[in-house]
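These protein sequence lines map, in sequence, to chains P and U. Counting from 1, one number per residue, gives the positions in the first sequence under the numbering used here. Counting from 1, one number per residue, gives the positions in the second sequence under the numbering used here. Just so you know, even glycine gets a beta-carbon here, dropped at the ideal spot from N, CA and C. To keep things clear, I will list the structure first and then write my remarks on it.
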Amino acid sequence: MNFGILILYGLLGILALAALSRMDGTFHRGLRRAVEQLAVLAPRMVCALTAAGFIARLIPSELIGQYLGSEAGLKAVLLATAVGLIIPAGPVIAFAIAAIFARSGASTAALIAFITSWSLFAAHRVFIYEIPLLGASFLRLRVVSVAVTPVLAGLMALAWAGLVGGK
Amino acid sequence: MADRPHGDESWPAQLLRLGFGKSFWGFAALAVVSGLVCLAVAGPEAFAEVVEDNLHMLASTVPRIIAAMGVAGFIWVMLPRDKLTRLVGQESGWRGLVIATGAGIVTPGGPAAAFSLLAVLGGAGADRGALIAYITSWAMLGLQRVLVWDVPFMGAEFSMTRLLISLPLPIVAGLIARSLPLNLRLADEDELQKRPS
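Here's what the structure looks like:
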C-alpha cells in the first residue's frame with residue numbers, strides 16, 4: 001500500500017457517496033460501467049503483466065547501456081529511443097533498466113530519450129488500456145503526434161548538456 | 001470493446017464475452033511463449049525469480065485497477081459534460097492544451113486511471129489536441145510516477161532536468177494532433193449513442 005493507492009481509494013469513496021446521494025440510479029449506473037470495464041481489462045492485464053516480466057528479463061540491459069555513452073551523442077539518443085519502444089512493462093522494470101543503463105555509462109540525453117520513449121509507447125499499456133478503451137484510430141493519431149517527442153527531448157538534453165558542460 | 005454487446009444476452013454472459021474475447025487469447029499465448037523462451041534461455045532459476053516478481057506485481061496491480069475502474073465509472077456518469085467541453089473542447093485553443101497538460105501532471109494513479117479518464121474526456125467531447133496533450137503529459141510528467149520512481153531510481157537532479165525539458169512537449173504534441181488530417185473515432189462512441197447516460 002502506498003500513497004497513490006490511498007488517494008485513489010479515497011477518491012473512490014467520495015465519488016461513490018456523491019453518486020449515492022443523488023438517489024436517482026447514478027450509483028448503480030456508475031458501478032455497472034466500472035464492472036464492465038474491469039471485465040474487459042482484468043483478464044488481459046494478468047496475461048500482459050506476466051509476459052512483460054519474462055520479456056524484460058530477456059533484454060540484455062548492461063550490453064545496451066555500453067552503447068549509450070555521451071561520446072555517441074545523437075546516435076545514443078536514437079538507440080535509447082528505439083530501446084524504450086520495446087520495453088513492454090511498467091515503471092518497476094523500466095526504471096530498473098534505466099538504472100542499469102546509467103551504471104553502464106549512458107549519457108543524460110540518452111537516459112531522457114529512453115524514459116520518454118518508454119513512457120509514451122510502453123506496449124503493454126497500448127494493448128491493455130489504449131486499444132480497448134479508446135480504439136485503434138486514437139492510437140494512430142497519438143503515435144503520429146508524439147513520434148518525434150523522445151528524440152526532441154533527447155536533443156534538448158544534448159543542447160542543455162552543451163550549455164552547462166555536463167555529460 | 002470491439003464486439004458490441006448482444007441485446008438478448010444476460011449481463012454476466014456479456015461480461016464473460018468482453019473479458020475473454022479474441023485479444024485475451026493473444027495475450028495468453030504471448031505470456032506462455034515468453035515464459036517458455038525465458039525458461040529455455042535464462043534457465044529455471046531465473047524463470048522462478050520472474051514468476052515470483054510477476055506475482056508481486058499482480059498483487060499490487062489488482063487493487064489499483066479495481067479502484068481506478070470504480071473512480072472512472074462514477075466520473076463517467078456524473079461528469080458535467082457541457083462545462084468540460086467549454087474547458088477543453090474544440091474552441092478551447094491554447095488554454096485547452098495548457099489545462100490538459102496540467103491535468104495530466106496531477107492525475108494520480110497508473111494507466112488504468114489515466115486511460116479510463118481519457119476515455120471519459122473523449123466521450124464528453126474534449127478536443128483531440130487536448131486528449132493527446134493530456135495523455136502525453138500524464139505519461140511523461142505524471143507527478144506520482146516522478147516522485148515514486150524517477151527520483152529514487154535516477155536522482156533528483158536528473159529528474160528535474162528531464163521534467164524541465166519535457167514540460168513544453170505535451171503542448172507541442174497537442175498542436176501536432178490538431179493539425180493532422182486523421183479521422184478519429186473513439187471506441188466508446190457507439191455505446192454512448194446507444195445508451196445515453
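Query                                                                                                                  : Result
Rounded separation between F268(U) and F47(U) - CA only                                                                : Residue 268(U) cannot be examined here, being either before or after the span of chain U that is shown, 1 to 197.
Interface flag, W76(U) vs chain P, CB-CB below 8 Å                                                                     : yes
Heavy atom of the ligand ADP within 7 Å of A96(P) beta-carbon                                                          : In terms of ligand content, the structure shown is empty, and the ligand ADP therefore cannot be addressed.
Environment of A40(U) [buried if 16+ CB atoms lie within 10 Å]                                                         : exposed
Helix, strand or coil at R185(U) [DSSP, three-state]                                                                   : coil
Integer-rounded CB distance, given that S104(P) should sit under 8 Å from S62(P)                                       : Ser is not the amino acid found at residue 62(P); the sequence shown has Glu there. That pair is a contact at about 5 Å.
Integer-rounded CB distance, given that I93(P) should sit under 8 Å from A52(P)                                        : 7 Å
Cα-Cα separation between F20(U) and S21(P), rounded to whole angstroms                                                 : 35 Å
Where the alpha helix (DSSP H) through L210(U) begins and ends                                                         : Summary: the structure shown does not reach residue 210(U), with chain U confined to residues 1 through 197, and so no result is reported for it.
Stretch pair the segment 48 to 60 of chain U + the segment 7 to 18 of chain P: three plus CB contacts closer than 8 Å  : no
Beta-carbon gap between F24(U) and T108(P) smaller than 8 Å                                                            : no
CB contact below 8 Å: L8(P) versus chain U                                                                             : yes
Cβ separation of G104(U) and G129(U), assumed to be a contact under 8 Å, to the nearest whole Å                        : With a Cβ gap of about 13 Å, G104(U) and G129(U) do not count as contacting.
C-alpha distance - E36(P) paired with L158(P), whole-angstrom precision                                                : 46 Å
Meets three-Cβ-pair contact criterion under 8 Å: the segment 142 to 152 of chain U and the segment 78 to 93 of chain U : no
Under 7 Å by beta carbon: chain U residues contacting L11(P)                                                           : V71
Beta-carbon spacing of M140(U), T50(P) below 8 Å                                                                       : no
Any C-beta of chain U under 8 Å from that of T81(P)                                                                    : no
Near-chain P residues of the segment 32 to 58 of chain U - C-beta to any C-beta below 7 Å                              : S34, G35, V37, C38, V41, A42, A46, V50, D53, N54, M57 and L58
Span of the alpha helix (DSSP H), counted from its first residue to its last, around M160(U)                           : A156 to S166
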